[in-house]
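> Position one of the sequence shown corresponds to residue 1 (the UniProt record's numbering), numbered consecutively onward. No residue lacks a Cβ here, since even glycine has one placed at the ideal position from N, Cα and C. Computed from a predicted structure; not experimentally measured. Below are the structure tokens for one structure; questions will follow.
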Amino acid sequence: MSGGCWCAGVLCLTLTVALSVGYPGWKTLDMQHTRLSQQREAARQQWRNLRRLSVAAEPLFGRTVENPRPFSPLDFQTPPLRLLHWQPSAQGGEMALKTSWDAVPSLFVRLAESEMSVSRFSLHREGAELLMTLQLERLANEG
């Protein structure tokens, strides 16, 4: 019987150590996830506010957004951009492009002019080009 008690004691000790080490780690991950969700929502709100400000500033700059440039993934099939993939979704879609570093800022401007926001993107270098994958969301549907 003492062998069985010894094994049970080791098992209890192992579980206690695992819980004391694992619980704080799990709690930290949960807090990081909550913080990330809050940051994403804050970023969405900032995009909405920026959109409202840009509409309010249009008369100052003589630009009209009543007729924004309609979004088409084919607009991104002109040098130095090369469309590799477009997967539409209800909120926007995913677009993969090959491009150069110089074209990246104007790409974001073109997307904004088409009332598309970038919720996520990744950049990978492939030789002299960049492989850029963007997760897009329509701004027009936001209040």
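1. Between Q91 and the rest of its own chain, which residues show a CB-CB distance below 7 Å, the 5 nearest in sequence each way excluded?
2. Quick check: what's the CA-CA separation for V10 versus L29?
3. Please report the distance separating the alpha-carbon of T64 from that of R40.
4. Could you please give the first and the last residue of the uninterrupted alpha helix (DSSP H) stretch that includes A112?
5. How far does the beta strand (DSSP E) with W86 in it reach, from first residue to last?
6. Go ahead and pull the three-state DSSP assignment for A128.
7. So, with DSSP's three-state summary, where would you put T99?
8. Taking C-alpha atoms, which residue in H124, L111, S119 lies nearest to S100?
9. My guess is that K98 and R120 are in contact by the Cβ rule of under 8 Å, so how many angstroms apart are they, rounded?
10. Assuming the contact rule is C-beta atoms closer than 8 Å, T133 and A96 should be a hit. Round their C-beta distance to whole Å, please.
Concretely, from the data shown:
1. Here residue 91 refers to the residue found at position 91 when the sequence shown is read from its first residue. Contacts found: E137, R138.
2. If you number the sequence shown from 1, residue 10 lands on position 10. If you number the sequence shown from 1, residue 29 lands on position 29. The straight-line gap from Cα to Cα measures roughly 28 Å.
3. Counted from its first residue, the sequence shown places residue 64 at position 64. Counted from its first residue, the sequence shown places residue 40 at position 40. In this predicted model, T64 has a pLDDT of only 49, less than 50, meaning its place in the structure is not dependable; the value taken from the coordinates is given anyway. Computed Cα separation, rounded: 29 Å.
4. Taking the sequence shown and counting its residues from 1, the one referred to as residue 112 is at position 112. Counting along the chain, the alpha helix (DSSP H) containing A112 begins and ends at 104 to 113.
5. Start at 1 with the first residue of the sequence shown, and residue 86 comes out as number 86. Start and end: 82 to 88.
6. As a first step, residue 128 is located in the sequence shown; it is residue number 128 there, counting from the start. Here A128 sits in coil by DSSP.
7. Translated into the one-based positions of the sequence shown, residue 99 becomes position 99. T99 falls in the strand class under three-state DSSP.
8. Translated into the one-based positions of the sequence shown, residue 100 becomes position 100. Of the listed residues, the one whose Cα sits closest to S100 is H124.
9. The count along the sequence shown starts at 1 and reaches residue 98 at position 98. The count along the sequence shown starts at 1 and reaches residue 120 at position 120. K98 to R120, Cβ: 18 Å. No contact.
10. Here residue 133 refers to the residue found at position 133 when the sequence shown is read from its first residue. Here residue 96 refers to the residue found at position 96 when the sequence shown is read from its first residue. So it is a contact: roughly 5 Å between Cβ atoms.
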